[in-house]
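J.: Protein chains in written order, with the numbering used here: chain A, 3 to 101; chain B, 16 to 258. Glycine included, C-beta positions come from ideal geometry on N, C-alpha and C.
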Amino acid sequence: MSAPEQHAKSPLKMYFGIWGTLLVLTLITYKAAFIELGRFNAAVALGIATLKATLVALFFMHVWHASEKLTKMVIVAALFFLMLLLGLTMSDYATRLWS
Amino acid sequence: MQNSSSGSTAVHDIHGEAHAANNPALLHHFAEPQQQRDAASLGMWVFLATELMFFGGLFCAYLIYRRWYFGDFGAASKSIDATLGATNTAVLICSSLTVVLAVWAAQTARKTLLVSMLGITMLLGLCFLGIKAVEYKDKFEEHHVPGASFSFENVPIPGHPNEFANPRHAQMFFSLYFVMTGLHALHMIVGLGIFAWLFAMAMKGRFTPEWHTPVEIGGLYWHFVDIVWIYLFPLLYLIDRHP
C-alpha cells in the first residue's frame, strides 16, 4: 500500500516545482526585455518561451511520464511540419532581397 | 440442442459478467480501459497538431512582417501594457497548475479537490479574459484598432528618436495583435465552456480513478492554449522594450 501512496504523492512536488520554475522564467523574460542585449533580446525571449513550452508539454501534459510512442510521434510530426512552414518561409524571405 | 442453447446462454452471461466486473464506462470496442484512454488522448493530440498548424500560420505571418517592418513593430509593441501581459502570463501558468492538480485529484479520487481545482481554473480563465478586456479597451481609446479611425502619428521608432513609425506598418502589427490574441481569447472561451461541463460532471461525481478521460483531454487542451500564450507574450508585448 505504501508504494502506490508514494507514487501518488511524488507528482505534487514536481507540479509545484514546474509551476515555480515557469513563474520565475516569466519574471526573467519580462526583466530581460528591458535590458539592452542587441540582437540577443529576441533570442533570449524566444529561448525562454521554448523552455517554458517544453516544461508545460513534458510535465503538465504528461509527455515525459505517461505517453505512448504514438503520441510522441504525433508531437514530433506536428513540430516537424511547423518547422517546415516557418523554416522554409523564412529562408525564402531572408534570402530574397539581395540589395 | 438444449445443451447448445444453454451453452450459448452461459457464454452470454459470462460476457455480461465480464462487462459488469469491468468499468461500465469501458466501451465495447476497446479491450481495456488503458487502450480506451490512450485512444482518447491520441485523438486530442492529433487535434492539437492541427491547432499548432492553425496558429503556426499566424506566427509565420508575424515573423515575415516583423522582419519587413522591424522598427514600426517595435514602436507599436511599446504602446501595449507589458505589465498586463506579464500578469496574464502568470495567471495562465497558475491555471495550468490547477488543471494538472485537477487531473491528479481525479486520478486519486479526491472529489472535493477536483471540483475546487476545476472551479479555480475557470476563475483564472475569467481573470485572464478580464485583463484582456482592459487591454482591448485601452487600444480602442488610443485609436490603435485597425480600421477607419486608426491613428498612430508621430510615434518614434525605438533606438531612432528622429524617425517616426509608418502608421500603415504599425497598423499591420495591431492587425496581427488583435487576430492572434483574439483567436487565443476565443480558445480560452471554448476552454471555459469545456471546464464548465467538466465542473458539472465532477459535481455529479461522474469521474473515477478508472474513468476521468474528459478531465485529462480537457486539460491537454487548456495546456496547449497556455503554450500558445507563452509565445504570444514575448512576441507581441516584449519587443524593443529596452531604452
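So which residues on chain B does Ala35 of chain A lean against when the C-beta distance must stay under 9 Å?
T.: Chain B residues near Ala35 of chain A: Ala97, Pro249, Tyr252, Leu253, Ile254, Asp255, Arg256 and His257.
J.: For a test of the three-state rule: what should DSSP assign to Asn177 of chain B, helix, strand or coil?
T.: Reduced to three states, the DSSP call for Asn177 of chain B is strand.
J.: Whole angstroms are fine: how far does the CA of Phe62 of chain A sit from the CA of Phe18 of chain A?
T.: About 10 Å.
J.: Measuring straight from C-alpha to C-alpha, what distance separates Leu251 of chain B and Ile146 of chain B?
T.: Rounded to the nearest angstrom, the two C-alpha atoms are 16 Å apart.
J.: Give the residues of chain B in contact with Leu24 of chain A, contact being defined as C-beta atoms less than 8 Å apart.
T.: Under the 8 Å cutoff, chain B gives Ile108 and Ser111.
J.: For Ile20 of chain A, does the three-state DSSP call read helix, strand or coil?
T.: Helix.
J.: Using the DSSP secondary-structure output, state which residues sit across from Pro171 of chain B in a beta bridge.
T.: Answer is B:Phe179, bridged to Pro171 of chain B.
J.: Going along the chain, which residues of its own chain have a beta-carbon closer than 6 Å to the beta-carbon of Leu128 of chain B, five neighbours each way excluded?
T.: Only Ala120 meet the Cβ criterion.
J.: Straight-line CA distance for Pro171 of chain B to Leu207 of chain B?
T.: Spanning the two alpha carbons is a distance of roughly 40 Å.
J.: Indicate whether the contact test is met: 3 or more Cβ pairs, each with one atom in the stretch 161-169 of chain B and one in the stretch 179-194 of chain B, closer than 8 Å.
T.: The stretch 161-169 of chain B, when compared against the stretch 179-194 of chain B, does touch it at the 8 Å Cβ threshold.
J.: Assuming Gly71 of chain B contacts Leu84 of chain A under a Cβ cut-off of 8 Å, what Cβ separation, rounded to an integer in Å, is found between them?
T.: That pair is a contact at about 5 Å.
J.: For Leu84 of chain A, return the contacting residues in chain B, with the cut-off set at a CB-CB distance below 8 Å.
T.: Simply Leu67, Met68 and Gly71.
J.: From B:Leu191, B:Cys75, B:Arg256 and B:Val230, pick the residue whose C-alpha is nearest to that of Val114 of chain B; which is it?
T.: Comparing Cα-Cα distances from Val114 of chain B to each of B:Leu191, B:Cys75, B:Arg256 and B:Val230, the minimum goes to B:Val230.
J.: Inspect the beta-carbon positions of Ala51 of chain A and Ile245 of chain B and report whether they are closer than 8 Å.
T.: Result yes, Cβ atoms of Ala51 of chain A and Ile245 of chain B sit closer than 8 Å.
J.: Among the residues of its own chain, which have a CB less than 6 Å from the CB of Ile209 of chain B, if the five just before and after it don't count?
T.: These residues qualify, in order along the chain: Gly233.
J.: Short check: CB of Arg256 of chain B to CB of Ala35 of chain A, under 8 Å?
T.: Yes.
J.: In angstroms, rounded to a whole number, what distance separates the CA positions of Glu47 of chain B and Ala54 of chain B?
T.: Roughly 11 Å separates the two Cα atoms.
J.: State the Cα-Cα distance for the pair Ser4 of chain A and Gly22 of chain A, rounded to the nearest angstrom.
T.: Confidence is the limiting factor: at Ser4 of chain A the pLDDT is only 40, short of 50, which leaves the residue's position unreliable, though a coordinate-based value still follows. Going by the C-alpha atoms only, they are around 28 Å apart.
J.: Have a look at B:Leu201, B:Ile95 and B:Ala64 and flag the residue whose alpha-carbon is nearest the alpha-carbon of Glu156 of chain B.
T.: The shortest Cα separation from Glu156 of chain B among B:Leu201, B:Ile95 and B:Ala64 belongs to B:Ile95.
J.: Under three-state DSSP, which class holds Leu116 of chain B?
T.: In the structure shown, Leu116 of chain B sits in a helix (DSSP, three-state: H, G or I).
J.: Whose CA, out of B:Leu198, B:Lys93 and B:Ser56, lies closest to the CA of Asp241 of chain B?
T.: When only C-alpha atoms are compared, the closest one is B:Leu198.
J.: Report yes or no: do three or more beta-carbon pairs, one from the stretch 212-231 of chain B and one from the stretch 122-140 of chain B, lie closer than 8 Å?
T.: The stretch 212-231 of chain B is in contact with the stretch 122-140 of chain B.
J.: Does at least one heavy atom of the ligand MG sit under 7 Å from the Cβ of Glu150 of chain B?
T.: This structure lacks the ligand MG, and indeed carries no ligand of any kind.
J.: Among B:His175, B:Ser111 and B:Tyr236, which one has its Cα closest to the Cα of Ala10 of chain B?
T.: The first residue shown for chain B is 16 and the last is 258, placing residue 10 of chain B beyond what the model contains.
J.: Smallest Cα separation from Trp60 of chain B: which of A:Asp94, A:Leu57 and A:Leu81?
T.: The candidate whose alpha carbon is nearest that of Trp60 of chain B is A:Leu81.
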